[in-house]
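As you go down the protein sequences, you meet chains A and B in turn.
Be aware that the first sequence starts at 10, since it is given in this note's numbering, and climbs by one per residue.
Be aware that the second sequence starts at 10, since it is given in this note's numbering, and climbs by one per residue.
Everything below concerns the one structure shown next.
2 protein chains.
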Amino acid sequence: MTADEFRKAAHAAIEESPFCPPIALLMLTRAVISYNDNITNFPVLPKIEPGYLAPQLPTTAPDSPQAWSEIQPDIAEKIIPGLTHWQSPNFMNFYPAGVTYPSILGEMYSAAFTAPAFNWLCSPACTELETIVLDWLAKALSLPAAFLSGSPSGGGGVIQGSASEAIVTCMVAARERYVHAKCDAEGLANPSPERNARIAILRPKLIALSSDQTHSSTAKGAAIAGTLHRSIKTSLSQDAALTGSSLESTLDQVRSEGLEPYYITLTIGTTSTCSIDDFPSLNTILSQPSNTQIWQHIDAAYAGSALILPEHASTISPMTAQADSFNVNMHKWLLVNFDASCLFVQNRNHLTRALSISAPYYQNSQSDAGLVTDYRDWQIPLGRRFRALKIWFVMRSYGLQGMRDYITYTCKLGDMFAESVRSRPDLFEIIAKPQFALTCFRVRPSALSNSEGDPVVVDGTTDPAFDPAFDPATASEEQVETEANAVTKEITDLINASGEVYIGNSSVAGKTFIRVVSANPQAQEIYVRRCWDIVLKTTEEVLEKRRQGKSKKIA
Amino acid sequence: MTADEFRKAAHAAIEESPFCPPIALLMLTRAVISYNDNITNFPVLPKIEPGYLAPQLPTTAPDSPQAWSEIQPDIAEKIIPGLTHWQSPNFMNFYPAGVTYPSILGEMYSAAFTAPAFNWLCSPACTELETIVLDWLAKALSLPAAFLSGSPSGGGGVIQGSASEAIVTCMVAARERYVHAKCDAEGLANPSPERNARIAILRPKLIALSSDQTHSSTAKGAAIAGTLHRSIKTSLSQDAALTGSSLESTLDQVRSEGLEPYYITLTIGTTSTCSIDDFPSLNTILSQPSNTQIWQHIDAAYAGSALILPEHASTISPMTAQADSFNVNMHKWLLVNFDASCLFVQNRNHLTRALSISAPYYQNSQSDAGLVTDYRDWQIPLGRRFRALKIWFVMRSYGLQGMRDYITYTCKLGDMFAESVRSRPDLFEIIAKPQFALTCFRVRPSALSNSEGDPVVVDGTTDPAFDPAFDPATASEEQVETEANAVTKEITDLINASGEVYIGNSSVAGKTFIRVVSANPQAQEIYVRRCWDIVLKTTEEVLEKRRQGKSKKIA
Chain A
10 MTADEFRKAA
20 HAAIEESPFC
30 PPIALLMLTR
40 AVISYNDNIT
50 NFPVLPKIEP
60 GYLAPQLPTT
70 APDSPQAWSE
80 IQPDIAEKII
90 PGLTHWQSPN
100 FMNFYPAGVT
110 YPSILGEMYS
120 AAFTAPAFNW
130 LCSPACTELE
140 TIVLDWLAKA
150 LSLPAAFLSG
160 SPSGGGGVIQ
170 GSASEAIVTC
180 MVAARERYVH
190 AKCDAEGLAN
200 PSPERNARIA
210 ILRPKLIALS
220 SDQTHSSTAK
230 GAAIAGTLHR
240 SIKTSLSQDA
250 ALTGSSLEST
260 LDQVRSEGLE
270 PYYITLTIGT
280 TSTCSIDDFP
290 SLNTILSQPS
300 NTQIWQHIDA
310 AYAGSALILP
320 EHASTISPMT
330 AQADSFNVNM
340 HKWLLVNFDA
350 SCLFVQNRNH
360 LTRALSISAP
370 YYQNSQSDAG
380 LVTDYRDWQI
390 PLGRRFRALK
400 IWFVMRSYGL
410 QGMRDYITYT
420 CKLGDMFAES
430 VRSRPDLFEI
440 IAKPQFALTC
450 FRVRPSALSN
460 SEGDPVVVDG
470 TTDPAFDPAF
480 DPATASEEQV
490 ETEANAVTKE
500 ITDLINASGE
510 VYIGNSSVAG
520 KTFIRVVSAN
530 PQAQEIYVRR
540 CWDIVLKTTE
550 EVLEKRRQGK
560 SKKIA
Chain B
10 MTADEFRKAA
20 HAAIEESPFC
30 PPIALLMLTR
40 AVISYNDNIT
50 NFPVLPKIEP
60 GYLAPQLPTT
70 APDSPQAWSE
80 IQPDIAEKII
90 PGLTHWQSPN
100 FMNFYPAGVT
110 YPSILGEMYS
120 AAFTAPAFNW
130 LCSPACTELE
140 TIVLDWLAKA
150 LSLPAAFLSG
160 SPSGGGGVIQ
170 GSASEAIVTC
180 MVAARERYVH
190 AKCDAEGLAN
200 PSPERNARIA
210 ILRPKLIALS
220 SDQTHSSTAK
230 GAAIAGTLHR
240 SIKTSLSQDA
250 ALTGSSLEST
260 LDQVRSEGLE
270 PYYITLTIGT
280 TSTCSIDDFP
290 SLNTILSQPS
300 NTQIWQHIDA
310 AYAGSALILP
320 EHASTISPMT
330 AQADSFNVNM
340 HKWLLVNFDA
350 SCLFVQNRNH
360 LTRALSISAP
370 YYQNSQSDAG
380 LVTDYRDWQI
390 PLGRRFRALK
400 IWFVMRSYGL
410 QGMRDYITYT
420 CKLGDMFAES
430 VRSRPDLFEI
440 IAKPQFALTC
450 FRVRPSALSN
460 SEGDPVVVDG
470 TTDPAFDPAF
480 DPATASEEQV
490 ETEANAVTKE
500 ITDLINASGE
510 VYIGNSSVAG
520 KTFIRVVSAN
530 PQAQEIYVRR
540 CWDIVLKTTE
550 EVLEKRRQGK
560 SKKIA
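Below, the structure written as structure tokens:
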């Protein structure tokens, strides 16, 4: 199509062109921009019931082609009312999953260039750009040089679909590395029936470790890899971080049961409270000779993005030096849309040894000569999308400075929210150190009225400081805890039902709390302040209603 | 942004807007259309050497933001020269990975709505539309009703990233189903230490089966799931299909070794020759009581699309009735861009039992009440993109009739190419039944000149019919086979090096052959005829050169 033909097409009636004409791309462009600009007009959580969509659509695909003009209105009428608007600045649950214009451009080009680039030859630019931009990212995060593609240890990065996919990929590599290292040490020939027999005995004993705050994908990964898994208890008095001493006693325990720890997930930014595991003490334990065969994976899916700021990189990046693998999701907090989960390893051979399968249709002179990277051997699926494009576009469009500004700004919004919560110690207690744009808090037990409608007394005072180690000992203490949890949940549900803002709920060590994250690309002070107003107002209303309810009961 | 503001922005200087302005989306739209329209001007296989890109790009990301006008030229100058153009009508290797405008629109909307929709509540429209369009697809392919979402058996479809991901997902489900069914049958309490001990003994004995023509992802899936795998030999005399009798003897064999077959991949459209396994005889074996615990997965990644035609559906669809799972990649031959791998199961519970992990942050009233589908429990990764949109757009834009027309047309192109090959029995032999737009052929051994420059004599004639069961018995027969393979490979390499057309090479039962597939959305008669001309000319040149070389050697 020439430029002239394109211009003509733009003026032609859309109905005339049956197979979704180019003009539809222009209409869509406008629609996407308009969605973005009007996003705060939608309830952030959709007001629909399960099964809302089926009655609105036919039960079979149409037999005849439909014009785009017939399709597009359905997006506004049927799809958008059923979306949860992750891009809304009023979305403050989970961690963000942002999208930006350069990222959309990357998706569009990637689709236009569609290639399931399972090896280098299947689209060299796809592989080579991926290696380059992941090196850019590793440097931007100040990761140890061993994670770079040219490192002597054989390091490098690969884009995975999600942190969970990255984790199970590493677990499979870890499982194979562990059993083969053991067989090598025992002098068993490879391959040999003796080795296979030994592996069959070893595998059922393998156990993956993580803390009780590690994302659920570690437990799922262990199930997929067919190994055992144990989670190690953390405590709020240690900021929900995994510590060297608890790891050490768990290692002793599992070994005393005849099990063999082969893998551990360490976390920078846990799912519930964004805590950082205690790397100094963990690294001491994990560098003991008996533990060096344990694969160390660092899940920094969300908070890893903060390493783009020098103040975080200087303290956190060195902690990663011992890790076999490190993962950060640019699709959470670095302006690239889902999916862009960036996995770095210090030695690619561990992945390729576990995951490489040859077949005649994969053969080509460049791969056979070992000149190129075939990323299919670094991952579970065979085919791969050209995801490096969107990372390239975003890193260039924003520049490192733009990315740092964004992280700094959203952290400041988080600090502002935490300050608001702190300003009302009569109502709320903060349950873990607010950081990385996340605040975790709940209704302070002392803010609840007792059955007489009076403030409850906890620990001999009506306004105790939050004691993370507090473990209810008496039935009445237990009841106060349960009530604080229930009220906190009630407040969350009321707020979310309003559709004005979508906040989170989680629980750690028996304490239910509210999570507020202000970190998506559209986050702004005005929305964070409004969220606080809603939280405060709803809390006061719920507490007042309870007081009245109890007073009435007494009366 | 109002329509007026948008118009103004379109006229503003692009350089002024640092963060990739909306106008870039318009520029991109034109660029994408232009790429599509000019695709035949590019060499289909890029003329670059490994490592071509790194010297052209900086080693770190820029610190300051770059304008889109600075970024976009790099796509034409640095990326496109390194692309393998899967969308070119001259791309005839592997199987296609097509893209269409409505599919690009789907990707763009999906990016705009970015949500890692791991459960229903995280974006209800994402889950509900997926269920609906996969039902549309199942009906369009005439799959048995048990694969529909409302089936009494608990069936339904889910979009996976690739057929390989679908396979490993099913294998993990199969593994768990098998060991737990066995433990149940043995009366072991669940959970119990006895059951765990039994599972530890059972798992290393599990073996997955497939034919030697099954895609490599079955072997890889078995490695990931930590089970054994054995491939069953096929023969060209049986069209490279897996048969009931060879399966039966393999089952006897593995059981005699103390192993337990738990899973098998059956294929509709094998990777090398697009063969269909012999379902009637396989179904007889697999329905024997001793074999019903074996999970039957049908990999119809490519050829499954042909079931949209009634003539194929009537014969092939009923064969799938016994399968636990069935997979077709719309991103190959059904006009949706990669990734859109559609997996159907007869009972979702087998997936969710193996893959569901609970965590406090996933809890919501709809999921807790069992009212909704949480697709994260049907797959390995946690997060998921809104891929149903592009399927919806494509099925509506083309209509079933448009999709049928496309499959019919590309099959006709394939028949045309096969006819051309058949028209030169002096040069070529077809090594497997041409079907589904694929022709597999190689240089006929009798076309090779012997050391005196004369035609070689095989089987007592210079022009024998192709005998798929032919097994070279003598050294000279062996040598002719080896030469035919080498010449066939030489022809392929020469053609691909030209950059004019990209064809495939594979080998089955020791025979190397050329694969030509004419099935991407831009396929046209003119390109298929041109490909044939190139194949013919190159073959004649190679054979002539060999004759001359040998004559010279004699002279």
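Cβ coordinates follow ideal geometry from the N, Cα and C atoms, glycine included.
Check Ala21 (chain A) in the structure and name its three-state DSSP category.
As a position in the first sequence, residue 21 (chain A) is number 12, starting the count at 1. Caution applies to Ala21 (chain A), whose pLDDT of 36 falls short of 50 and renders its modelled position unreliable; the model cannot decide the point.
Cα-Cα separation between Lys520 (chain B) and Val108 (chain A), rounded to whole angstroms
For the purposes of this step, residue 520 (chain B) is identified with residue 511 of the second sequence, where counting begins at 1. For the purposes of this step, residue 108 (chain A) is identified with residue 99 of the first sequence, where counting begins at 1. Taking the straight line from one Cα to the other gives about 50 Å.
Is DSSP giving Glu195 (chain B) helix, strand or coil here?
Counted from its first residue, the second sequence places residue 195 (chain B) at position 186. DSSP places Glu195 (chain B) outside both helix and strand once states are collapsed to three, so it counts as coil.
Is the beta carbon of Phe288 (chain A) less than 8 Å from the beta carbon of Gly164 (chain A)?
Against the first sequence, residue 288 (chain A) aligns to sequence position 279. Against the first sequence, residue 164 (chain A) aligns to sequence position 155. The criterion of a C-beta distance shorter than 8 Å is not satisfied by Phe288 (chain A) and Gly164 (chain A).
Within 8 Å (strictly less), CB to CB, does Asn45 (chain A) reach chain B?
For the purposes of this step, residue 45 (chain A) is taken as residue 36 along the first sequence, with counting starting at 1. For Asn45 (chain A), the closest Cβ of chain B is nearer than 8 Å.
Boundaries (first-last residue) of the alpha helix (DSSP H) holding Val452 (chain B):
Residue mapping note: residue 452 (chain B) aligns to position 443 of the second sequence, counting from 1. Unbroken run through Val452 (chain B) is the beta strand (DSSP E), 447-452; no alpha helix (DSSP H).
Count the CB pairs spanning the stretch 103-121 of chain B and the stretch 331-344 of chain B that are closer than 8 Å, and state whether there are at least three.
Three or more beta-carbon pairs separated by less than 8 Å link the stretch 103-121 of chain B to the stretch 331-344 of chain B, which places the two stretches in contact.
Are there 16 or more other CB atoms within 10 angstroms of the CB of Gly558 (chain B), so buried, or fewer, so exposed?
Residue 558 (chain B) sits at position 549 when you count from the first residue of the second sequence. Exposed, by the Cβ-count rule.
Glu139 (chain B) and Ile168 (chain B) - do their beta-carbons sit closer together than 8 Å?
Sequence index remark: in the second sequence, residue 168 (chain B) carries index 159 (1-based). Sequence index remark: in the second sequence, residue 139 (chain B) carries index 130 (1-based). A contact, by the Cβ cut-off of 8 Å.
Contacting residues, own chain, Cβ-Cβ under 6 Å from Gly392 (chain A) (five flanking each side not counted):
For the purposes of this step, residue 392 (chain A) is identified with residue 383 of the first sequence, where counting begins at 1. In its chain, beyond the 5 residues on either side, Pro125, Phe127 have a beta carbon closer than 6 Å to the beta carbon of Gly392 (chain A).
According to DSSP, is Pro71 (chain A) part of a helix, a strand, or is it coil?
Looking up residue 71 (chain A) in the first sequence gives position 62. Residue state, collapsed to three classes: coil.
With three or more C-beta pairs closer than 8 Å as the rule, is the stretch 261-278 of chain A touching the stretch 388-407 of chain B?
They do not touch, by the three-pair rule.
Could you give the DSSP three-state label for Trp129 (chain A): helix, strand or coil?
Counted from its first residue, the first sequence places residue 129 (chain A) at position 120. Of the three classes helix, strand and coil, the one that applies to Trp129 (chain A) here is helix, per DSSP.
Helix, strand or coil: which one does DSSP assign to Lys242 (chain A)?
The sequence position of residue 242 (chain A) within the first sequence is 233, counting from 1. Coil at Lys242 (chain A), not helix or strand.
So, does the CB of Glu490 (chain A) fall closer than 8 Å to a CB anywhere in chain B?
Position 481 of the first sequence, counted from the start, is the residue given in the question as residue 490 (chain A). No, Glu490 (chain A) lies away from the interface with chain B (no Cβ there is under 8 Å from its Cβ).
Per-residue DSSP class, three states only, for Ala217 (chain B):
The residue you call residue 217 (chain B) lines up with position 208 of the second sequence. Three-state result, Ala217 (chain B): strand.
May I ask you to list, following chain order, the residues of the stretch 402-424 of chain A that have a beta carbon less than 7 Å from some beta carbon of chain B?
For the stretch 402-424 of chain A, the residues whose beta carbon sits under 7 Å from a beta carbon of chain B are, in order, Phe402, Met404, Arg405, Ser406, Tyr407, Gly408, Leu409, Gln410, Gly411.
Classify Asn373 (chain A) as helix, strand or coil using the three-state DSSP reduction.
Mapped onto the first sequence, residue 373 (chain A) falls at position 364. DSSP places Asn373 (chain A) in coil when its eight states are reduced to three.
From the DSSP output, in three-state form, read off Arg524 (chain A) for me.
Along the first sequence, read from residue 1 onward, the residue named residue 524 (chain A) stands at position 515. In the three-state DSSP reduction, Arg524 (chain A) falls in the strand class (E or B).
Should Ser382 (chain A) and Trp95 (chain A) be called a contact, given that it needs their Cβ atoms to be closer than 8 Å?
Here residue 382 (chain A) refers to the residue found at position 373 of the first sequence. Here residue 95 (chain A) refers to the residue found at position 86 of the first sequence. Going by the sequence as given, residue 382 (chain A) is Thr instead of Ser. Between Thr382 (chain A) and Trp95 (chain A), the C-beta spacing is not below 8 Å.
Can you tell which of A:Leu256, A:Trp387, A:Ser323 has the C-alpha that lies nearest to the C-alpha of Asp286 (chain A)?
On the first sequence, position 277 is the one that residue 286 (chain A) refers to. Taking the Cα of Asp286 (chain A) as reference, the smallest distance to any Cα among A:Leu256, A:Trp387, A:Ser323 is reached at A:Leu256.
DSSP has Pro270 (chain B) in a bridge; who is on the other side?
Along the second sequence, read from residue 1 onward, the residue named residue 270 (chain B) stands at position 261. Answer is B:Ile216.
Proximity to Glu509 (chain B) [Cα-Cα], best of B:Pro52, B:Leu360, B:Asp46
Residue mapping note: residue 509 (chain B) aligns to position 500 of the second sequence, counting from 1. Closest by alpha carbon: B:Pro52.
Could you give the DSSP three-state label for Ile389 (chain A): helix, strand or coil?
Translated into the one-based positions of the first sequence, residue 389 (chain A) becomes position 380. Note: Ile389 (chain A) maps to coil in three-state DSSP.
May I ask you to report which of helix, strand or coil DSSP gives Ser458 (chain A)?
Position 449 of the first sequence, counting from 1, holds the residue named residue 458 (chain A). Under the three-state reduction of DSSP output, Ser458 (chain A) falls in the strand class.
So, is Gly60 (chain B) buried or exposed, given that buried needs 16 or more other C-beta atoms within 10 angstroms?
Taking the second sequence and counting its residues from 1, one reaches residue 60 (chain B) at position 51. Note on Gly60 (chain B): under 16 other CB atoms within 10 angstroms of its CB, so exposed under the neighbour-count rule.
In whole angstroms, what separates the C-alpha of Lys229 (chain A) from that of Val177 (chain A)?
What you label residue 229 (chain A) is simply residue 220 of the first sequence in a count that begins at 1. What you label residue 177 (chain A) is simply residue 168 of the first sequence in a count that begins at 1. The alpha-carbon separation between Lys229 (chain A) and Val177 (chain A) amounts to approximately 8 Å.
For Asn336 (chain B), which option in B:Cys131, B:Glu116, B:Gly166 has the closest C-alpha, if you only look at C-alpha atoms?
In the second sequence, the residue the question calls residue 336 (chain B) occupies position 327. Of B:Cys131, B:Glu116, B:Gly166, the residue nearest in Cα terms is B:Gly166.
Less than 8 Å separating the beta-carbons of Gly91 (chain A) and Leu62 (chain A)?
Position 82 of the first sequence, counted from the start, is the residue given in the question as residue 91 (chain A). Position 53 of the first sequence, counted from the start, is the residue given in the question as residue 62 (chain A). A Cβ-Cβ contact shorter than 8 Å links Gly91 (chain A) with Leu62 (chain A).
Touching or not, the stretch 479-490 of chain A and the stretch 198-213 of chain A, by the rule of three or more beta carbon pairs under 8 Å?
Too few Cβ pairs lie closer than 8 Å, so no.
Under the rule that 16 or more other beta-carbon atoms within 10 Å means buried, what is Leu275 (chain A), buried or exposed?
Counting from one through the first sequence, the residue named residue 275 (chain A) turns up at place 266. Buried is the call here.
Which value, in whole angstroms, describes the spacing of the CA atoms of Asp377 (chain A) and His238 (chain B)?
Within the first sequence, numbered from 1, the residue matching residue 377 (chain A) stands at position 368. Within the second sequence, numbered from 1, the residue matching residue 238 (chain B) stands at position 229. Roughly 25 Å separates the two Cα atoms.
C-beta atoms of Leu215 (chain A) and Glu269 (chain A) nearer than 8 Å
For the purposes of this step, residue 215 (chain A) is identified with residue 206 of the first sequence, where counting begins at 1. For the purposes of this step, residue 269 (chain A) is identified with residue 260 of the first sequence, where counting begins at 1. With contacts defined as CB atoms closer than 8 Å, Leu215 (chain A) and Glu269 (chain A) qualify as a contacting pair.
How is Asp286 (chain B) classed by DSSP in three states: helix, strand or coil?
The residue you call residue 286 (chain B) lines up with position 277 of the second sequence. It is coil, neither helix nor strand.
Residue span of the beta strand (DSSP E) that contains Leu256 (chain A), given as start and end:
Numbered from 1 along the first sequence, position 247 holds the residue referred to as residue 256 (chain A). For Leu256 (chain A), there is no enclosing beta strand (DSSP E); the residue is part of the alpha helix (DSSP H) that begins and ends at 253-265.
For the beta strand (DSSP E) that Gly166 (chain B) lies in, which residues bound it at each end?
The residue you call residue 166 (chain B) lines up with position 157 of the second sequence. For Gly166 (chain B), the uninterrupted beta strand (DSSP E) run begins and ends at 165-169, by DSSP.
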